[in-house]
Amino acid sequence: MMKKYRLIVLWCALAAAMLPACAGPRHIRPEPVNPALCRLPFSSTSCRYIHGLDAELPGGARMTVMGVSVVDPETDTIQAAIMTLEGLVLFDATASGSSIKVHRALPPFDGPQFAEGLMQDVRFVFMFPAGAPKTTGRLDNGSSVCRYQDNFGMTVDVIAHPGHGWKVEQYSILGKKLRTLKISALKNGVPGMLEFEAFSPKPYALHMKLISAEPVPPAEKK
Amino acid sequence: MVECFKMKRTKAIRRLLSLAVCSLLLSGWSGSWDTIQKESEKLTSVKARFTQSKNMRILSRPLVSTGSFYFKAPDSVRWEYDVPVKSILLMHKGLVKRYTQGTGGLTEDAGAALQSMNVMMQEIALWSKGRFTESPSFAAVLKAGDGPTIMLTPRDEGLAKIITGIEIALAPDRPGLISTITISEGEGGTTVFKFSDVQINAMLNDSMFRSP
């Protein structure tokens, strides 16, 4: 009897622990939403962003670096660099489509998985999902949602909270939450603060405070 | 990824903090290694403003940071950035701490790992005596002239992949004072430190090296 009780408690505990990660995309009430509302915090042209990155590490430790990101949605190209506050470049790479070229990666930043994971994170933060939304609607709290799905079954919800910024949530095909991004209210069309969180394979969070943002002229892209 | 952050940040702090200390310790010398050692022994403290300009391929113009630098012999350092990210790096009696400005105010950073301290202290001990040629990390060449320059070259290949060279230029109009430090990382990437308002042997309280 006691053993059976322990099993039930264990099952409940496991289920509770799994629930937040596997709850899947939010329930939305389908209704028309202008995709422009969801797209508003994302630039559709090439931009260079510099952020102070406050990294929250497993165990509660934290540290601060600077990040430079050049994002060109038109050519699907991303350049990203991480440097210490003292200016030492730790990582510098360019991703174009599915190919990645690492210009500099100090060991142990030089693993191929690191570069791929980092560039995916940068893409998630700055690139708006391609194509038209699969569906649109509202949450129970009235927020508007644009739901996108890629060819691999990955779901991305862009949630617009009127007057309170945006939230982007990415889920795997199994409904596991992979990444989230909170976007603050815009200043001159650019979010002053981005709160990024990754849940897998190792959870970490980045608080990204905008230092500068500027358009990249076509001549520079060449 | 997070472990990488820790390790690289530690190395960066060690290298760059060492360089800044080393550079400002050079105050008061005129062109020979003997003079460096003699003048370095007279130094008790340094206080200066600095401007850091980062140049690299991904940037269209230099990324500029500014702040203040304090050193008190034998081994206390306060390296304080005002912009663009407020942060304070403290070293005192073998302990290194970093504080950065977050949403909740200044918070201690986990990046300044203590494991780097042994190497750091060895470097400072050498440099504070003007013994640059004895550094295990960099080979030093002194180029005399109106504005003497010290060229530092990494001794091992591993370090050379991170920093290809360092040039320390002395102010020609004020003998002994550092004008600029240029750290080269290859592929056109450089970090240039310019020091100004340098004060030598000013009275600096120990408490400013213990807490922000």
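Residue numbers (the numbering used here), protein chains in the order written: chain C, 584 to 805; chain B, 124 to 335.
Each residue gets a CB set at the ideal place from its N, CA and C atoms; glycine is no exception.
Bear in mind that the values here come from a model prediction, so they are computed numbers and not experimental data.
Shortest alpha-carbon distance to residue i belongs to which of the options?
i	options	result
Ser168/B	Ile211/B, Pro185/B, Ile181/B, Arg201/B	Arg201/B
Phe707/C	Arg622/C, Arg762/C, Val672/C	Arg762/C
Thr738/C	His744/C, Gly758/C, Lys750/C	Gly758/C
Tyr818/C	Gly725/C, Asn724/C, Ile742/C, Asp723/C	Only positions 584 to 805 of chain C appear in this structure, which leaves residue 818/C out of reach.
Val648/C	Ile665/C, Glu639/C, Pro786/C	Ile665/C
Ser627/C	Ala688/C, Ser682/C, Val654/C	Val654/C
Thr226/B	Pro185/B, Val208/B, Gln322/B	Val208/B
Ala796/C	Ser682/C, Ser629/C, Gln696/C, Ser783/C	Ser629/C
Gln817/C	Val773/C, Pro774/C, Glu780/C, His744/C	Outside the displayed span of chain C (584 to 805) sits residue 817/C, for which this structure offers no information.
Pro786/C	Arg612/C, Leu640/C, Val672/C, Ala606/C	Leu640/C
Leu623/C	Ile794/C, Ser783/C, Glu778/C, Lys770/C	Lys770/C
Leu275/B	Ile306/B, Asn324/B, Ser183/B	Ile306/B
Thr667/C	Glu778/C, Val685/C, Val651/C, Gln696/C	Val651/C
Lys284/B	Arg687/C, Gly725/C, Gly680/C, Leu722/C	Arg687/C
Gly642/C	Asp232/B, Ser258/B, Arg278/B, Phe261/B	Asp232/B
Val751/C	Val616/C, Asp733/C, Cys621/C	Cys621/C
Gly217/B	Glu162/B, Tyr204/B, Pro197/B, Glu203/B	Pro197/B
Ile756/C	Asp733/C, Ile794/C, Leu722/C	Asp733/C
Asp723/C	His744/C, Met776/C, Val705/C, Phe782/C	His744/C
Glu310/B	Met179/B, Tyr204/B, Ser191/B, Leu186/B	Met179/B
Tyr193/B	Ser258/B, Val187/B, Ser183/B, Leu166/B	Leu166/B
Ser330/B	Ser199/B, Val187/B, Asp157/B	Ser199/B
Phe782/C	Phe625/C, Asp704/C, Met646/C, Gly725/C	Asp704/C
Pro335/B	Trp156/B, Thr174/B, His215/B, Ile323/B	His215/B
Tyr204/B	Thr174/B, Ser183/B, Arg278/B	Thr174/B
Short check: CB of residue i to CB of residue j, under 7 angstroms?
i	j	result
Gly670/C	Lys177/B	yes
Ala373/B	Phe318/B	Since the displayed chain B opens at 124 and closes at 335, residue 373/B lies outside it and no answer follows.
Ser189/B	Ser210/B	Sequence check: residue 189/B is Thr here, not Ser. Cβ distance not < 7 angstroms, so Thr189/B and Ser210/B don't count as in contact.
Gly748/C	Ser767/C	yes
Ala644/C	Ala676/C	no
Ile304/B	Ile286/B	no
Ile273/B	Leu282/B	no
Thr256/B	Ala263/B	yes
Arg631/C	Val773/C	no
Leu229/B	Lys220/B	no
Cys729/C	Pro656/C	no
Pro613/C	Asp740/C	no
Val685/C	Glu308/B	no
Ile289/B	Gln662/C	no
Ile683/C	Met710/C	no
Asp693/C	Gly680/C	no
Pro271/B	Leu293/B	yes
Count the other C-beta atoms from every protein chain shown that fall within 10 angstroms of the C-beta of residue i, then say buried if there are 16 or more, exposed otherwise.
i	result
Thr326/B	Checking the sequence, you will find Met at residue 326/B rather than Thr. The residue in question, Met326/B, is exposed, as its Cβ has fewer than 16 Cβ neighbours within 10 Å.
Phe735/C	exposed
Lys760/C	buried
Gly720/C	buried
Ala802/C	exposed
Pro712/C	buried
Arg195/B	According to the sequence shown, residue 195/B is Lys rather than Arg. Burial call: buried.
Met243/B	Caution applies to Met243/B, whose pLDDT of 45 falls short of 50 and renders its modelled position unreliable; the model cannot decide the point.
Leu689/C	buried
Ser150/B	A caution first: Ser150/B carries a pLDDT of 46, below 50, which makes its placement in the model too unreliable to give a value.
Lys765/C	buried
Pro784/C	exposed
Gln696/C	exposed
Ile611/C	buried
Glu778/C	buried
Val321/B	buried
Met130/B	Only weak support is given to the placement of Met130/B: the predicted model assigns it a pLDDT of 46, under 50, and the value that follows is read from those uncertain coordinates. That one is buried.
Val616/C	buried
Ala678/C	buried
Residues of chain A with a CB under 7 angstroms from the CB of residue i: which are they?
i	result
Ile794/C	This model lacks chain A altogether, as its protein chains are C and B.
Would the segment 773 to 791 of chain C and the segment 631 to 640 of chain C be scored as touching if the rule is three or more Cβ pairs under 8 angstroms?
Yes, the segment 773 to 791 of chain C is in contact with the segment 631 to 640 of chain C.
At a Cβ cut of 7 angstroms, what residues of the segment 196 to 216 of chain B count as close to chain C, listed as they run along the chain?
If the cut-off is 7 angstroms between Cβ atoms, the segment 196 to 216 of chain B has Tyr204, Pro207, Val208, Ser210 near chain C.
Which of the residues in the segment 615 to 638 of chain C, read from start to end, lie with their CB under 8 angstroms from any CB of chain B?
Residues of the segment 615 to 638 of chain C with a C-beta atom less than 8 angstroms from some C-beta of chain B are Arg631, Ile633, Gly635, Asp637, Ala638, listed in chain order.
Meets three-Cβ-pair contact criterion under 8 angstroms: the segment 709 to 723 of chain C and the segment 307 to 315 of chain B
In short, these stretches do not touch, since the Cβ pair count stays below three.
Taking only beta carbons into account, state which residues of the segment 271 to 291 of chain B come closer than 9 angstroms to chain C, listed in chain order.
Listed by position along the chain: Gly281, Lys284, Ile285, Ile286.
Which residues, in order along the segment 164 to 191 of chain B, keep a beta-carbon less than 8 angstroms from a beta-carbon of chain C?
Cβ contacts with chain C come from Gln175, Lys177, Met179, Arg180, Ile181, Leu182, Ser183, Leu186, Ser188.
Going along the segment 656 to 668 of chain C in order, which residues come within less than 9 angstroms of chain B, judged by CB to CB distance?
Listed in chain order, the positions of the segment 656 to 668 of chain C with a beta carbon within less than 9 angstroms of a beta carbon of chain B are Gln662, Ala663, Ala664, Ile665, Met666, Thr667, Leu668.
Return the residues of the segment 675 to 687 of chain C that lie within a Cβ-Cβ distance of less than 8 angstroms from chain B, sorted by chain order.
So the list reads Asp675, His686, Arg687, given in the order they occur along the chain.
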